[in-house]
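First comes the structure, then the notes that go with it.
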Amino acid sequence: MTELTFQLNNEDETIAVGQTLARHIQAPLTLYLTGDLGAGKTTLSRGLIQGLGHKGAVKSPTYTLVEPYELDGVEVYHFDLYRLNDPEELEFMGIRDYFTDNSLCIVEWPDKGEGLLPDADIHLHLNYVNQGREIHIRALTDSGKTLLAAIK
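Quick note on numbering: the sequence shown equals residues 301 to 452 in the working numbering.
In structure tokens form, the structure reads like this:
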């Protein structure tokens with residue numbers, strides 16, 4: 301299994317996909333989230349992070365670039381690279397230090413960090429379809445395939 305697609309009629313369904321991922325996810329794993337502004341990338345991230353046990357709010361790291369969470373033995377790093385002007389800025393923030401054997405890295409707008417980010421295990425693309433949204437999930441590594449098989 302390398303690809304899945306879900307129709308999402310509302311925000312709750314987007315959060316539910318994130319929570320489903322959380323039930324089966326294991327570090328290390330890198331997820332790329334792509335899609336238009338407002339398509340639901342941060343909403344999906346919120347469902348995933350809260351599904352992993354975070355009890356507080358999940359804010360978009362648009363201005364900080366990364367928001368860390370220590371959850372149940374795994375380090376979760378939520379990146380939003382939308383405002384990144386130059387991928388070299390990632391070198392200055394020590395980007396390589398975030399991608400460890402104990403980390404789950406969720407990267408919104410990964411194209412902004414091209415050349416400095418590790419390859420994704422899973423690529424999630426959200427897009428508008430009529431009044432709702434659609435999420436297309438593609439596994440790019442064996443770890444990604446294992447995750448997709450578990451959520452199928």
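Beta carbons: idealized from backbone N, C-alpha and C, even for Gly. Every value quoted in this text rests on a predicted model; they were computed, and no experiment measured them.
Secondary structure of P368 (DSSP, three-state): strand.
Counting the other Cβ atoms within 10 Å of the Cβ of L417 gives 16 or more, which makes it buried. Counting along the chain, the unbroken beta strand (DSSP E) around S403 starts and ends at 403-408. Closest option to T314, judged by alpha-carbon separation, among T441, I435, I451: I435. Of the candidates L308, N309, E311, A316, the residue whose Cα lies closest to the Cα of I451 is A316.
Beta-bridge annotation (DSSP): F306 is paired with I435. A Cβ-Cβ contact shorter than 8 angstroms links T302 with K445.
DSSP places T334 inside the beta strand (DSSP E), whose first and last residues are 329-335.
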